[in-house]
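In the working numbering, each number is its position in the sequence shown, counted from 1, plus 382.
By construction, the Cβ of each residue, glycine as well, lies at the ideal position given by its N, Cα and C atoms.
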Amino acid sequence: MKVTEHIEKAKGKTLFSFEIVPPQKGKNIQELYDNIDPLMEFNPPFIDVTTSREEHIYIKRDDGLLERKITRMRPGTVGICAAIKQKYDVDTIPHVLCGGFTKEETEYVLVDCHYLGIENVMALRGDAMKHQRYFEPTKGGHIYANELVGQIRDLSKGKYLNEVIDSENHPDFCIGVAGYPEKHLESPSLETDLKKLKAKVDAGADYVVTQMFFNNQAYFEFVEKAKEMGINVPIIPGIKPIAVKKHLQLLPHVFSIDLPQALIESVEACKNNKEVRQVGIEWAIEQTKELKAAGVPVLHFYSMGKSSNIKQIAEAVF
Ligand code: FAD
Numbered sequence: 383m384k385v386t387e388h389i390e391k392a393k394g395k396t397l398f399s400f401e402i403v404p405p406q407k408g409k410n411i412q413e414l415y416d417n418i419d420p421l422m423e424f425n426p427p428f429i430d431v432t433t434s435r436e437e438h439i440y441i442k443r444d445d446g447l448l449e450r451k452i453t454r455m456r457p458g459t460v461g462i463c464a465a466i467k468q469k470y471d472v473d474t475i476p477h478v479l480c481g482g483f484t485k486e487e488t489e490y491v492l493v494d495c496h497y498l499g500i501e502n503v504m505a506l507r508g509d510a511m512k513h514q515r516y517f518e519p520t521k522g523g524h525i526y527a528n529e530l531v532g533q534i535r536d537l538s539k540g541k542y543l544n545e546v547i548d549s550e551n552h553p554d555f556c557i558g559v560a561g562y563p564e565k566h567l568e569s570p571s572l573e574t575d576l577k578k579l580k581a582k583v584d585a586g587a588d589y590v591v592t593q594m595f596f597n598n599q600a601y602f603e604f605v606e607k608a609k610e611m612g613i614n615v616p617i618i619p620g621i622k623p624i625a626v627k628k629h630l631q632l633l634p635h636v637f638s639i640d641l642p643q644a645l646i647e648s649v650e651a652c653k654n655n656k657e658v659r660q661v662g663i664e665w666a667i668e669q670t671k672e673l674k675a676a677g678v679p680v681l682h683f684y685s686m687g688k689s690s691n692i693k694q695i696a697e698a699v700f
C-alpha cells in the first residue's frame, strides 16, 4: 500500500515507522532482523531502507602500497526491501539517489522495485562524497531531487527514458522527498529551501519526511510556512534520539541542525554514554508525545543500528 493510503486509512491516528541502514557488505542481514524484530509490535505500516553513496576507500596491495578505490560499502537496498517486505509483511521504501547513479541505472532500479511489488520510493539527491567539498552530480545522473521525482512520475505515464511504452503495467510509485525544518545546509535561506521543496511537490512528490530536529517549534513553524507556500502533502517528522556524547558536535556539523540548550546541558552532565542514551530517550519521548498530541500523521524514527532506544520511546508514546 502507498504511504498516503496508510495515512488516510489511519483516520488521524499517528502511525509509527522507522528507517534502517543496510549492513556493510560482508555482514549478515540477520543483524538487521535483530534490530527490526523488537519494533514490529508497534505495527509500522512501512519501513525505509537508506541507500549509501559510493565512497573512496584504501586497499592494501600485495606490495604494501595503498590503492584508492571507489566503492559502495552498504549496497543491497532493494534486495533488503524485498527481504523485509516478505519476512514481515510490511511495506518497504527504498531510498533512490541522484548522486552515484545515472538516470538509466535509476530506471532499472525502479523497474526492479515495481516487479517486487514495492509501491513507495523516497527520492533524494544524496550528499557529496566524503572527499568532496560540494555535491558533484554524477555524469548522466540528476542534479537535484525534483528532477528525480520527475523521472519517477514519468514512469507512471509510460514515459521511460528512451521511449514511451503503451501498456497498462507501469510503476506508479508514491514518492517521498526530504524537507528541512532548519533548512538544508547548502540553502541560503529557509524560504529558498521551501521553494525548492515546493518544486519537488509540484514535480509529483506525495509526502515529505523531515530531517531530524530536536525542537518541535522548528517543525511546527516549518509545516505552517510550507502550507502558506501551497505545499499540501503530509509532512512526516523525522526523529532521532541522541545516543552518544559525540552527537553534540556530530549532528550539528553533519546535518546543520541546532540542539536546544537544555538538551546540551543534560548530555554534558552525563558521566558515560549509557546515561547519554537515557537522556536521548527521555528527550525524544517528550518530543514525540507533543508531536502526537498535535496530530502528526506518522512519527518516523532514524534507527541507525541498535533499536532498543526506539523501542523504549515507542512503548512510552504508542
Ligand atoms: P534537493 O531537494 O535536491 O536539495 C539539495 C539542495 O539544493 C538544497 O539546498 C535545495 O535548497 C537546493 N535545490 C533543490 N532543488 C534545486 C533546484 N532545482 N535549483 C537550485 N537549487 C535547488 N542521503 C543518502 O545519501 N541516502 C539516503 O538514504 C538518505 N536518506 C535521507 C532521508 C531523509 C528523510 C532525509 C531528510 C535526508 C536523507 N538523505 C540521504 C540526505 C540527503 O541526501 C541530503 O540531505 C542531500 O544533501 C539533499 O538531498 P535532497 O533530496 O533534499 O536534495
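| Asked | Found |
| --- | --- |
| Given a cut-off of 7 Å, decide if residue 437 and residue 443 are closer than it, judged by their beta-carbon atoms. | no |
| Run the proximity test for residue 588: is its beta-carbon closer than 6 Å to any non-hydrogen atom belonging to the ligand FAD? | no |
| For residue 506, which beta-bridge partners are listed by DSSP? | 479 |
| Quick check: does the Cβ of residue 432 come within less than 6 Å of any heavy atom belonging to the ligand FMN? | In terms of ligand content, the structure shown lacks the ligand FMN and carries the ligand FAD instead. |
| Could you check what DSSP says for residue 680 in three-state terms: helix, strand or coil? | strand |
| Is residue 572 near the ligand FAD, going by C-beta to nearest heavy atom under 6 Å? | no |
| Give me the Cα-Cα distance between residue 474 and residue 535, rounded to the nearest whole angstrom. | 19 Å |
| Please state the DSSP three-state secondary structure of residue 652. | coil |
| Check whether the segment 477-497 and the segment 414-427 are in contact - that is, three or more C-beta pairs closer than 8 Å. | no |
| Looking at the structure shown, is residue 567 part of a helix, part of a strand, or coil, going by DSSP? | coil |
| Measuring only the C-alpha atoms, how far is residue 661 from residue 617? | 26 Å |
| So residue 503 and residue 456 are supposed to be a Cβ contact under 8 Å. How far apart are they, rounded? | So it is not a contact: roughly 18 Å between Cβ atoms. |
| Between 500, 621 and 654, which has its C-alpha nearest residue 459's C-alpha? | 500 |
| Is residue 418 helix, strand or coil when you go by DSSP? | helix |
| Can you tell me the Cα-Cα spacing of residue 452 and residue 681, whole angstroms? | 35 Å |
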